[in-house]
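Worksheet for the structure shown next.
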Amino acid sequence: MVLYKNPHSVKEAISWLDEGVVIAGGTDLGVKMSDPLYRPDSLVDITGIRELSEIKTDMEGIILGACVTVDELSAREDLPDCIRMGASAIGSPQIRNIATIGGNICNASPCGDTLTPLVVLDALFVLESPEGTREMTATDFFKGPKMTALKKNEILTFIKLPKERLSGRSGFRMIGKRNGQAISQVNAAVWTFIEDGVLKDVRLAAGSVAPVPLRLLKTEDKIRNKKLTPGLIQELKYQIKDEIAPISDVRASLNYRQEVTESLFEEIFSEFLIRRSKK
Amino acid sequence: MKIEFICNGKNKAADIEGDTRALDLLRQELGLTGVKEGCGKGECGACTILLNGKPVASCILPAAKLADSEVITIEGLSEANGDLHPIQKAFLDEGAVQCGFCTPGMVLSSYALLTKNIKPETDEIETALSGNMCRCTGYGKIVAAVKRSGELLEDNHGR
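Protein sequences appear in the order of chains A and B.
Using the numbering used here, you'd call the opening residue of the first sequence number 2 and step up by one each time.
Using the numbering used here, you'd call the opening residue of the second sequence number -5 and step up by one each time.
If you want it as C-alpha cells, here you go:
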C-alpha cells in the first residue's frame, strides 16, 4: 500500500523522505508507476508548498520555484527565450499543464528540454536536506543519464537564474520524430551577448549527445569575441562535430546526431544574425 | 485516504490509495467510462480530463491530486437532459468521429482551447490537440470540427 503525503513546508517534506519519494507533477513518476513492481512506500507531494510554485525577482536575478509548471515557464515573457522555448518543447499540453521544472531537472534525462537552457544560463540549483541548504551549478548537478548529485533526503527547492544571463539573446532548438509530443533526439541551447555584431560572451549546450546536457566549452572558446558572420557559423559547426560524443540508441543513430546537432546550432545563430534585435 | 472534489459540477468523495490513478477512480468508482485508457503512459490523450480547467492525462495522475479540485470529464459537457454541447455537435456535423475512442479527449482539449481562444487558427488547434492522438480520421475533420465549434459557441455567446 502506497501512502500519499501532502507536506506544507520543505522541512516537513524532507522529514518524510526516509520512506518516501518526492512527487511534483508526477508526469515522469506516473509513467514509472505504470510498472506494477515499482511502488515506493510513500509519495511526498511537494506541490502544496506554496513558495515552491512562485517565480520571484531579486537583486541577483530570477528565482524559480521547483514546482513551477512547464506550461507557466513557456508563457512567461520575462524569462529568457531559450528556457521558454525548451519548456514549450516538452511533451504535450496535458503534460505541460502539470509537469514541473524541478521534475524535469531531477529526472535528469540527457535530452531534457529545460536542461540545456539551464546550463547556458548558468543556473544555480538550491538543494535542501536535513543537513541544511546548498547550491550547485547545473553542470555539477547532472552526473550521468538520470543521475544527479541529490543526496538521499534532499530536495531541489529553487532554481536561480543570474541576472547576467537575463539580458543578451538566447535560443533553443530540438528535433524529434514528430512535430508534437516528441522526445528530443538532439537539442541545442545558446545564450550570448552580442555588441556591435561581436559575440562578447557566449554559452552553448547540447542535449542527447552525451551522458549529461553538455556544455560545449571548446566551441565557445573558438567563437567568443568574434564577429558573428555566416563564416563564423560554418566554423562553429566544424568545432561542434569534434566536441560532442553522441551514441546510437533507440531514438537516433550516432551519425544522425552528429549531422543534426550542428544544424540546430546553425539555425539558432542564423536567427541571431537575421534578427539583430530581439523583437 | 479520503478525498473530496467536484466532478462535473457535483460534490464527490472517495477513499483511495497513494497509487490509485485518477483514471481508475473516475472509471471504476464513479462510472465515468467516457475517460478512456489508451496507452497508460500519458502519451495518447485518450484519458484526458480537465483539472481546474486544464487538460491533463488521468492515466499518470495520482487520484490524490484530484483532492479539493474541480474535474470535468466528457460526461460533464452535455446537458442533464442529454442535449449535446456545441463542440460535440460540431464533431458530429463535421464527421470528426469514427471509432470514437479519441473523441472524449479531443473534445475536452478543444473545450480548453476554445475557452481561451474562440477563433483559433489551424496551427493553434494542432498545438492544442498535439497531446491527443487519432488513428482513424487523419485529423483534418477534427480541426474543421474545432473551427466549427468556435462558430457555434459564438452564436451561443460562448457557452
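Every residue gets a Cβ at the ideal spot worked out from N, C-alpha and C, and that includes glycine.
Where A:F142 and A:A150 are concerned, what is the direct C-alpha to C-alpha distance, given to the nearest angstrom? Mapped onto the first sequence, residue 142 of chain A falls at position 141. Mapped onto the first sequence, residue 150 of chain A falls at position 149. Using only the alpha carbons, I get a separation of about 5 Å.
Leaving out five residues on either side along the sequence, give the residues of the same chain with a beta carbon under 7 Å from the beta carbon of A:E268. Taking the first residue of the first sequence as position 1, residue 268 of chain A is located at position 267. Excluding sequence neighbours, A:E268 sits near R174.
Partners in chain B for A:G113, counting only beta-carbon separations shorter than 7 Å: Against the first sequence, residue 113 of chain A aligns to sequence position 112. The premise fails here: A:G113 is roughly 16 Å from chain B at the closest Cβ pair, so nothing lies under 7 Å.
What first and last residue would you give for the alpha helix (DSSP H) that runs through A:R170? In the first sequence, residue 170 of chain A corresponds to position 169, counting from 1. Counting along the chain, A:R170 falls outside any alpha helix (DSSP H), though it belongs to the beta strand (DSSP E) covering 170 to 176.
Using a Cβ-Cβ cut-off of 6 Å (strictly less than) and excluding sequence neighbours within five positions of B:E64, which residues of its own chain qualify? For this step, residue 64 of chain B is matched to residue 70 along the second sequence. Only I0, N46 meet the Cβ criterion.
For A:Y5, count neighbouring C-beta atoms within 10 Å of its own C-beta (all shown protein chains included) and say buried if the count is 16 or more, exposed if not. Here residue 5 of chain A refers to the residue found at position 4 of the first sequence. A:Y5 is buried by the Cβ-count criterion.
A:V127 and A:L205 - do their beta-carbons sit closer together than 9 Å? Stepping through the first sequence from its first residue, residue 205 of chain A is reached at position 204. Stepping through the first sequence from its first residue, residue 127 of chain A is reached at position 126. No, these two residues do not count as a Cβ contact at 9 Å.
Test item: CB-CB of A:R216 and A:T140 under 9 Å: As a working mapping, residue 216 of chain A is identified with position 215 in the first sequence. As a working mapping, residue 140 of chain A is identified with position 139 in the first sequence. Yes, Cβ-Cβ distance for A:R216 and A:T140 is below 9 Å.
Decide if A:Y39 is buried, meaning its Cβ has at least 16 other Cβ atoms within 10 Å, or exposed. Counting from 1 along the first sequence, the entry for residue 39 of chain A is found at position 38. Result: exposed.
Name, going along the chain, the residues of the stretch 35 to 48 of chain B whose beta-carbon falls closer than 8 Å to a beta-carbon of chain A. Residues passing the 8 Å Cβ filter: K35, G36, E37, G39, T42, L45, K48.
For B:Q82 and A:A207, the rounded distance between their alpha carbons: Numbered from its first residue, the first sequence carries residue 207 of chain A at position 206. Numbered from its first residue, the second sequence carries residue 82 of chain B at position 88. If you take the alpha carbons of A:A207 and B:Q82, they lie about 44 Å apart.
Return helix, strand or coil for A:N98, following the three-state DSSP convention. Counting from 1 along the first sequence, the entry for residue 98 of chain A is found at position 97. In the structure shown, the three-state DSSP call for A:N98 is coil.
Using 9 Å as the threshold, is the C-beta distance between A:G104 and A:T28 below it? As a position in the first sequence, residue 104 of chain A is number 103, starting the count at 1. As a position in the first sequence, residue 28 of chain A is number 27, starting the count at 1. Yes, Cβ-Cβ distance for A:G104 and A:T28 is below 9 Å.
Pull up the DSSP beta-bridge partners for A:E129, would you. Taking the first sequence and counting its residues from 1, the one referred to as residue 129 of chain A is at position 128. Per DSSP, A:T134, A:I156.
For A:M292, decide whether its Cβ has a neighbour in chain B, counting only Cβ atoms nearer than 9 Å. With chain A covering only 2 through 280, there is no way to say anything about residue 292 of chain A.
Evaluate the contact criterion for the stretch 153 to 172 of chain A versus the stretch 98 to 115 of chain B: three or more CB pairs, one atom per stretch, below 8 Å. With a cut-off of 8 Å, the stretch 98 to 115 of chain B and the stretch 153 to 172 of chain A do not count as touching, because too few Cβ pairs lie within range.
Quick check on the DSSP output: what are the complete beta strand (DSSP E) runs of length 3 or more inside the stretch 38 to 82 of chain A, in order along the chain? 43 to 46, 56 to 59, 62 to 66
Pick helix, strand or coil for A:Y5, following the three-state DSSP scheme. As a first step, residue 5 of chain A must be located in the first sequence, where it is residue number 4. Three-state DSSP puts A:Y5 in a strand.
Less than 8 Å between the CB atoms is what I'm expecting for A:A190 and A:T117, so what's the real figure, rounded? Position 189 of the first sequence, counting from 1, holds the residue named residue 190 of chain A. Position 116 of the first sequence, counting from 1, holds the residue named residue 117 of chain A. A:A190 to A:T117, Cβ: 4 Å. Contact.
Answer yes or no: do B:L86 and B:C53 have a C-beta to C-beta separation smaller than 9 Å? Locating residue 86 of chain B in the second sequence gives position 92, counting from the first residue. Locating residue 53 of chain B in the second sequence gives position 59, counting from the first residue. In this structure, B:C53 does not lie closer than 9 Å to B:L86 by Cβ.
Counting only Cβ-Cβ distances shorter than 8 Å, please list the residues of the stretch 90 to 121 of chain A near chain B, keeping chain order. Under the 8 Å Cβ criterion, the stretch 90 to 121 of chain A contributes G92, S93, P94, Q95, I96, N98, I99.
For A:K280, would you say it is in contact with chain B, using Cβ-to-Cβ distances shorter than 9 Å as the test? By one-based count along the first sequence, residue 280 of chain A stands at place 279. Bear in mind that a pLDDT of 47 at A:K280, under 50, signals an unreliable position, so the number given afterwards is only what the model happens to contain. Chain B contact via Cβ: absent.
Return helix, strand or coil for A:F273, following the three-state DSSP convention. Indexing the first sequence from 1 puts residue 273 of chain A at position 272. In this structure, A:F273 counts as helix in the three-state DSSP scheme.
What residues of chain A sit near B:G125, judged by a beta carbon separation below 8 Å? Numbered from its first residue, the second sequence carries residue 125 of chain B at position 131. Those within 8 Å of B:G125 in chain A are G92, S93, P94, Q95, I96, G181, Q182.
Shortest alpha-carbon distance to A:F266 belongs to which of A:D79, A:D36, A:D72, A:C83? Within the first sequence, numbered from 1, the residue matching residue 266 of chain A stands at position 265. A:F266 has its Cα closest to that of A:C83, out of A:D79, A:D36, A:D72, A:C83.
A:V191 - partner residues in DSSP beta bridges: Your numbering for residue 191 of chain A matches position 190 in the first sequence. Paired residue(s): A:G172, A:L205.
Does the distance from the CB of B:C93 to the CB of B:R129 come in under 9 Å? The residue given as residue 93 of chain B occupies position 99 in the second sequence. The residue given as residue 129 of chain B occupies position 135 in the second sequence. Contact flag set, yes.
Could you tell me which residues DSSP pairs with B:P49 in its beta bridges? One-based indexing of the second sequence puts residue 49 of chain B at position 55. Partner(s): B:L44.
CB contact below 9 Å: B:V50 versus chain A: On the second sequence, position 56 is the one that residue 50 of chain B refers to. So, interface residue.
Within chain A, partners of B:E11 - CB distance below 9 Å: Counting from 1 along the second sequence, the entry for residue 11 of chain B is found at position 17. The answer, in chain order, is M2, V3, L4, Y5.
Which word fits A:N188, buried or exposed, when buried means at least 16 other C-beta atoms lie within 10 angstroms of its C-beta? Numbered from its first residue, the first sequence carries residue 188 of chain A at position 187. Label assigned to A:N188: buried.
Keeping to the same chain, check which residues put their C-beta closer than 7 Å to that of B:V91; ignore five residues upstream and five downstream. Mapped onto the second sequence, residue 91 of chain B falls at position 97. Around B:V91: F85, T97.
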